[in-house]
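A.B. asks:
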Amino acid sequence: MKLATIRIHDSSTAAVVLPDGDYLLLDAPDLSSLLQREGWQEEAARQAAAPEAGSRKVSEADVELLNPLPTPAKVICCGLNYSDHILEMGRDLPEYPTLFVKFADTLTDPEADLEISASESVDWEAELAVVVGTMLSGADEAEAAAGIAGYTAANDISMRDWQNRTLQWFQGKAFDRTTPLGPVLVTPDELDPEAGVDVSCFLNGERMQHGSTANLVFSAAQLLSYISTFTVLRPGDIVLTGTPGGVGMGMKPPRYLADGDVVTTEVGGIGRLENRIRIKNTP
505 MKLATIRIHD SSTAAVVLPD GDYLLLDAPD LSSLLQREGW QEEAARQAAA PEAGSRKVSE
565 ADVELLNPLP TPAKVICCGL NYSDHILEMG RDLPEYPTLF VKFADTLTDP EADLEISASE
625 SVDWEAELAV VVGTMLSGAD EAEAAAGIAG YTAANDISMR DWQNRTLQWF QGKAFDRTTP
685 LGPVLVTPDE LDPEAGVDVS CFLNGERMQH GSTANLVFSA AQLLSYISTF TVLRPGDIVL
745 TGTPGGVGMG MKPPRYLADG DVVTTEVGGI GRLENRIRIK NTP
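Numbering-wise, this note's numbering comes out as the position in the sequence shown, counting from 1, plus 504.
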């Protein structure tokens with residue numbers, strides 16, 4: 505099942521399910537709200553199959569796809585989770601996940617322009633994101649896997665000059681409205697990252713990154729289990745699972761984004777994000 509959050513031509517927002525490509529309205533303003541409801545999966549499936557569904561359809565021409573999860577309580581990211589990316593950054597394979605956090609303010613829409621100031625080293629990081637569907641606290645791997653609502657695409661746009669100011673990455677990863685998310689949420693019955701999902705990033709049409717989630721050091725379920733040992737995860741929380749090799753900082757010489765560049769993120773079975781970079785450096 506595929507779900508999304510949309511803005512309709514009258515400026516209202518809604519959660520939708522997409523059976524056979526149609527946009528079918530659900531009784532929630534967005535997926536963050538929908539996931540708070542017990543039995544949301546059954547509700548979405550029931551409404552998608554309802555005989556009167558035709559009256560709840562919205563034309564694609566009247567729809568703008570939004571960040572599907574606008575109000576997560578927690579956005580947690582795993583860095584250095586693909587072996588090729590770890591090696592290009594000159595590090596050893598980790599025993600434990602390298603984690604950092606973002607705020608909900610960091611997230612933005614699938615086709616939003618990304619306006620960035622005060623950085624001259626803006627980099628790309630295409631990622632698969634896992635979305636929590638049930639409360640997880642001290643969950644083992646099987647419980648964590650059962651608690652996954654679904655998967656979506658993200659790009660952890662990173663300000664490397666800020667990231668490298670200290671040993672803590674946070675300040676280079678948490679600029680407002682610089683992490684596009686979406687375009688849809690795909691439930692686990694339709695997508696299995698452990699079997700291998702392609703993750704790619706393109707810069708002005710040139711492919712810079714290409715990896716498979718089958719090569720993650722820590723799987724989505726392992727990450728949720730590990731994180732839930734020290735902080736509770738709740739429906740709608742998001743965990744970014746890391747990026748494959750091919751980031752700009754790893755190139756020789758490094759290559760960074762310029763004003764007007766278009767970054768395209770593609771995740772197999774989910775879709776694409778397409779974002780134009782707008783860099784406005786301050787003196």
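Ideal Cβ positions, reconstructed from N, Cα and C, are used throughout, including at glycine.
Measuring alpha carbon to alpha carbon, tell me which of Glu615, Ala633, Ser662 ends up nearest Val626.
C.D. replies: When each option's Cα is compared against that of Val626, the closest is Ser662.
A.B. asks: Please classify Tyr760: is it buried, with 16 or more other beta-carbons within 10 angstroms of its beta-carbon, or exposed?
C.D. replies: Tyr760 is buried by the Cβ-count criterion.
A.B. asks: I need the straight-line Cα distance from Val743 to His513, nearest angstrom please.
C.D. replies: Each residue's alpha carbon lies about 31 Å from the other.
A.B. asks: Under 8 Å, do Lys606 and Thr683 count as touching if we go by C-beta distance?
C.D. replies: Cβ atoms of Lys606 and Thr683: closer than 8 Å.
A.B. asks: State the Cα-Cα distance for the pair Asp566 and Arg560, rounded to the nearest angstrom.
C.D. replies: If you take the alpha carbons of Asp566 and Arg560, they lie about 13 Å apart.
A.B. asks: Under DSSP, the beta strand (DSSP E) around Ala508 begins and ends at which residues?
C.D. replies: Counting along the chain, the beta strand (DSSP E) containing Ala508 begins and ends at 506–512.
A.B. asks: Assuming Pro574 contacts Thr509 under a Cβ cut-off of 8 Å, what Cβ separation, rounded to an integer in Å, is found between them?
C.D. replies: About 7 Å; that satisfies the 8 Å criterion.
A.B. asks: Taking contact to mean at least 3 C-beta pairs separated by less than 8 Å, is the stretch 694–709 in contact with the stretch 767–778?
C.D. replies: Cβ pair count under 8 Å is three or more, so yes.
A.B. asks: Take the Cβ of Lys784 as the centre, count every other Cβ of all protein chains shown within 10 Å, and call the residue buried at 16 or more, exposed below.
C.D. replies: Exposed: under 16 other Cβ atoms inside 10 Å.
A.B. asks: Taking 8 Å as the limit between beta carbons, can you name the residues of its chain near Gly459, skipping five residues before and five after?
C.D. replies: What the structure shows of the chain is the stretch from 505 to 787, and residue 459 is not part of that stretch, so it cannot be assessed.
A.B. asks: Would you mind working out which of His714, Ala548, Gly749 sits nearest Gly772, comparing C-alpha positions?
C.D. replies: Here the closest residue by C-alpha is His714.
A.B. asks: In the DSSP assignment, find the alpha helix (DSSP H) that holds Ile590 and state where it starts and stops.
C.D. replies: Its alpha helix (DSSP H) spans residues 587–592.
A.B. asks: With respect to the beta strand (DSSP E) encompassing Gln713, which residues constitute its N-terminal and C-terminal limits?
C.D. replies: From DSSP, the beta strand (DSSP E) with Gln713 extends over 710–716.
A.B. asks: Give the DSSP-derived three-state secondary structure of Arg776 in the structure shown.
C.D. replies: Looking at Arg776 - three-state DSSP - the assignment turns out to be strand.
A.B. asks: Hey, quick one: how far does the beta strand (DSSP E) through Leu569 stretch, first residue to last?
C.D. replies: From DSSP, the beta strand (DSSP E) with Leu569 extends over 567–569.
A.B. asks: Is the stretch 743–752 touching the stretch 577–592, taking contact as three or more C-beta pairs under 8 Å?
C.D. replies: In short, these stretches touch, since the Cβ pair count reaches three.
A.B. asks: What does the alpha-carbon distance come out to for the pair Gln545 and Leu529?
C.D. replies: Cα to Cα, Gln545 sits roughly 14 Å from Leu529.
A.B. asks: Kindly give me the distance between the Cβ atoms of Gly818 and Leu777, rounded to whole angstroms, as I take these residues to be in contact under 8 Å.
C.D. replies: No answer is possible for residue 818: it lies beyond the span of the chain, which begins at 505 and ends at 787.
A.B. asks: Among the residues of its own chain, which have a CB less than 7 Å from the CB of Ala648, if the five just before and after it don't count?
C.D. replies: Answer for Ala648: Leu640, Ala725, Leu728, Ser729, Ser732, listed in chain order.
A.B. asks: Closest to Gly740 by CA distance: which of Arg511, Ser515, Ser516, Asp534 is it?
C.D. replies: Residue Asp534 is the option with its Cα nearest to Gly740.
A.B. asks: State the beta-bridge partners of Thr735 as determined by DSSP.
C.D. replies: None, per the DSSP bridge assignment.
A.B. asks: Among all the DSSP beta bridges, which residues are the ones paired with Lys561?
C.D. replies: In the DSSP output, where bridge partners are listed per residue, Lys561 has Leu528.
A.B. asks: For the beta strand (DSSP E) that contains Ala646, what are its first and last residues?
C.D. replies: Note, Ala646: premise wrong, no beta strand (DSSP E); alpha helix (DSSP H) at 645–650.
A.B. asks: Measure from the alpha carbon of Lys506 to the alpha carbon of each residue in Trp673, Pro523, Tyr586, then state which is nearest.
C.D. replies: With distances taken between Cα atoms, Lys506 lies closest to Pro523.
A.B. asks: Just to confirm before moving on: does the CB-CB distance between Asp618 and Arg511 stay below 8 Å?
C.D. replies: Looking at the sequence itself, residue 618 is Leu, so the reference to Asp does not match. For Leu618 and Arg511, no; Cβs fall outside 8 Å.
A.B. asks: Alpha helix (DSSP H) containing Ser537: first to last residue?
C.D. replies: From DSSP, the alpha helix (DSSP H) with Ser537 extends over 535–538.
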